[in-house]
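A short write-up of the structure that comes next.
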DNA sequence: TACGGATCATTGAAAAAGTCAACGATTGTT
DNA sequence: AACAATCGTTGACTTTTTCAATGATCCGTA
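Residue numbers (this note's numbering), protein chains in the order written: chain Y, 1 to 152; chain E, 1 to 152.
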């Protein structure tokens with residue numbers, strides 16, 4: 001019932017040179033984060049990826065499946081599965097592309113937006129937990145650096 | 001032959017709220033990084049993970065397989081496969097644990113250290129490429145923040 | 001206009017990775 | 001000595017990833 005304590009034990013091996021390898025640090029933080037996020041999202045029948053798709057569907061940006069695949073670093077066929085799932089549950093729907101009739105635009109339903117808002121709240125709590133050792137400033141800094149590394 | 005140009009096109013979807021989601025940013029940077037890293041390591045018959053194991057085997061820390069699994073966020077059975085592979089190629093060997101005879105300590109061979117040094121050079125070049133949009137300071141900052149987020 | 005090559009979503013199959021329970025050997029505890 | 005727990009290992013099982021092929025549609029060019 002009380003807040004779960006998170007063990008932040010610095011492992012012996014972190015001393016190794018590889019403990020500063022950006023690739024490894026990203027992999028590790030991503031791994032532990034995914035675990036927490038998926039746990040938090042399970043209440044809503046979502047996972048990290050379906051949540052990402054749902055979020056973008058709710059964004060008003062009217063993404064095509066191809067854009068989703070590129071942005072989320074997924075194979076187009078994986079996007080098909082994710083959208084299929086969300087669509088069957090009535091959270092998003094496929095609409096015909098406006099300029100391109102091959103493309104399908106993913107938009108959220110009212111129910112999708114409802115679920116999304118609730119899930120987002122849970123996720124933010126989750127993220128706060130994961131980055132608890134960072135100050136508010138550092139948190140923002142990390143976000144900014146990641147974005148800059150990705151998109152300049 | 002010339003240096004490969006890397007397209008750093010800011011995608012339309014980055015504008016969405018999720019474009020600041022730490023989980024997604026980590027996933028994306030990790031995904032693109034892994035791709036580059038694995039490409040760079042392929043010259044030496046290594047991948048990100050086997051390189052990590054090799055690095056720790058070369059570190060002098062004498063990690064056990066259990067420690068490797070914990071540190072690399074892997075299932076113990078996955079470590080078995082990775083070590084099997086490296087051992088068959090003569091890059092590492094299993095030694096009996098000193099205090100605990102159940103445990104096996106992974107140590108590098110001379111050949112393992114040779115390969116590791118060459119691979120590391122390639123990887124560092126690779127990492128520099130991936131984080132090219134960051135200044136030297138920002139690069140160090142990112143590393144520090146990731147480490148702090150992980151281990152406080 | 002009509003052709004050819006490219007791109008979109010989709011399908012299905014094959015390969016790779018991840019998960020999990022069970023095992024013998026060994027350890028630490030009672 | 002007995003017992004539960006931990007280590008590495010194996011094998012089975014599920015999930016994820018990867019990839020080629022397809023029909024529909026788009027775009028550029030003749």
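In this text, a Cβ means the ideal position worked out from N, Cα and C, and glycines have one as well.
Small disclaimer: the values here were computed from a predicted structure and weren't measured.
Within chain E, partners of residue i - CB distance below 7 angstroms
i, result
"residue 70 of chain Y", "11"
"residue 108 of chain Y", "Near residue 108 of chain Y there are no residues of chain E at all, since even the closest Cβ is about 12 angstroms away, more than 7 angstroms."
"residue 48 of chain Y", "23"
"residue 111 of chain Y", "Ordered by position in chain E, no residue passes the 7 angstroms Cβ test against residue 111 of chain Y, which lies about 19 angstroms from the chain."
Identity of the residues DSSP links to residue i by a beta bridge
i, result
"residue 92 of chain E", "E/108"
"residue 64 of chain E", "E/105"
Beta-carbon proximity of residue i to residue j, cut-off 8 angstroms
i, j, result
"residue 119 of chain E", "residue 105 of chain E", "no"
"residue 84 of chain Y", "residue 50 of chain Y", "no"
"residue 150 of chain E", "residue 28 of chain Y", "yes"
"residue 145 of chain E", "residue 141 of chain Y", "yes"
"residue 108 of chain Y", "residue 92 of chain Y", "yes"
"residue 152 of chain Y", "residue 135 of chain E", "no"
"residue 54 of chain Y", "residue 46 of chain Y", "yes"
"residue 18 of chain Y", "residue 34 of chain E", "no"
"residue 30 of chain Y", "residue 88 of chain E", "no"
"residue 26 of chain E", "residue 122 of chain E", "no"
"residue 16 of chain E", "residue 64 of chain E", "no"
Chain-ordered neighbours of residue i on chain E, where CB pairs are closer than 8 angstroms
i, result
"residue 143 of chain Y", "20, 22, 25"
"residue 52 of chain Y", "18, 21, 24"
"residue 148 of chain Y", "133, 134, 138"
"residue 125 of chain Y", "Within chain E, no residue comes near residue 125 of chain Y; the closest Cβ sits about 13 angstroms away, beyond 8 angstroms."
"residue 73 of chain Y", "27, 28, 31, 32"
"residue 81 of chain Y", "Chain E residues near residue 81 of chain Y: none, gap ~17 angstroms exceeds 8 angstroms."
"residue 77 of chain Y", "Ordered by position in chain E, no residue passes the 8 angstroms Cβ test against residue 77 of chain Y, which lies about 16 angstroms from the chain."
Partners in chain Y for residue i, counting only beta-carbon separations shorter than 9 angstroms
i, result
"residue 63 of chain E", "12, 13, 16"
Residue i: contacting residues in chain E (beta-carbon distance under 9 angstroms)
i, result
"residue 55 of chain Y", "16, 17, 18, 21, 24"
Chain-ordered chain Y contacts of residue i [CB-CB under 7 angstroms]
i, result
"residue 117 of chain E", "None at all; the shortest Cβ gap to chain Y is about 12 angstroms."
Under 8 angstroms from the C-beta of residue i: neighbouring residues of chain Y
i, result
"residue 67 of chain E", "11, 12, 13"
Residue i CB to nearest heavy atom of the ligand SAM below 7 angstroms
i, result
"residue 43 of chain Y", "This structure lacks the ligand SAM, and indeed carries no ligand of any kind."
**Prompt:** Touching or not, the region 11-23 of chain Y and the region 113-133 of chain Y, by the rule of three or more beta carbon pairs under 8 angstroms?
**Reply:** no
**Prompt:** Would you call the region 10-18 of chain E and the region 67-81 of chain Y touching, i.e. three or more CB-CB distances under 8 angstroms?
**Reply:** yes
**Asked** Curious, which full-length beta strand (DSSP E) runs of at least 3 residues does the region 9-59 of chain Y contain?
**Response** none
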